[in-house]
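Structure, as structure tokens:
In our numbering, the protein residues as written are 289 to 474.
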């Protein structure tokens, strides 16, 4: 029987460590959806007619969901706004009504994404700072970039008022003030 050298044992241990880490996403949470590892897309939010709200977002695969990061600018300082993924990737209507309703593949009632039944596209409200900028860093659980509950080809919408998380079908968050299409390919 052959004896392994220390260098060989070290190399095998390093290889095993690398293999064990291969399913970990950027944030170290692990368990990225099959086929979704490392996928990111950029979304440019444009104002709806008569508005000035705009922003840049990055959507990235993150464990059992999609992490949305970026900035939304042109908001009223200190204001709170509904923020959702909508079913259609179409922001062509002046009021963004062409984006349809909230992304809701399971036909569940609208609700709070922090607990209980809710649409897949329901996200926590945005809060603007004193300069009218909302810094976004949220994980939307249960959706993906590619795969089940795919967000590609849909839209991200910012609303004028905060989502109350109870009113049906959309949380009484009011007029759509910015909309951006999530590209159909990641």
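All C-beta atoms, glycine included, are put in the ideal place defined by N, C-alpha and C. The structure displayed is predicted, hence computed values, not measured ones.
Each residue's CA atom was taken as its position, placing residue 407 and residue 430 some 10 Å apart. Under the Cβ criterion (8 Å, minimum of three pairs), the stretch 368-380 counts as touching the stretch 440-447.
Per DSSP, residue 394 lies in no beta strand (DSSP E) segment and is marked neither H nor E. Residue 333 and residue 467 have their C-alpha atoms roughly 5 Å apart.
Of the other Cβ atoms in all chains shown, fewer than 16 fall within 10 Å of the Cβ of residue 382; this residue is therefore exposed. For residue 340, the three-state secondary structure derived from DSSP is coil.
Residue 328 holds the alpha-carbon nearest to the alpha-carbon of residue 348 among 361, 339, 337 and 328.
Around the C-beta of residue 455, fewer than 16 other C-beta atoms lie within 10 Å, and the residue is accordingly described as exposed. The three-state reading of DSSP puts residue 422 in strand, counting E and B together. Rounded to the nearest angstrom, the gap between the Cα atoms of residue 395 and residue 335 is 29 Å. For residue 338, the closest alpha carbon among the candidates 463, 353 and 397 is that of 463. The secondary-structure analysis by DSSP pairs residue 410 across a beta bridge with 372.
A direct Cα-to-Cα measurement between residue 433 and residue 419 gives close to 32 Å. Secondary structure at residue 387: helix, using DSSP grouped into helix, strand and coil. With fewer than 16 other Cβ atoms inside 10 Å of its own Cβ, residue 417 counts as exposed. Around residue 413, the same chain offers 368, 369, 370, 371, 450 and 451 as residues with beta carbons nearer than 7 Å, after the five sequence neighbours per side are excluded.
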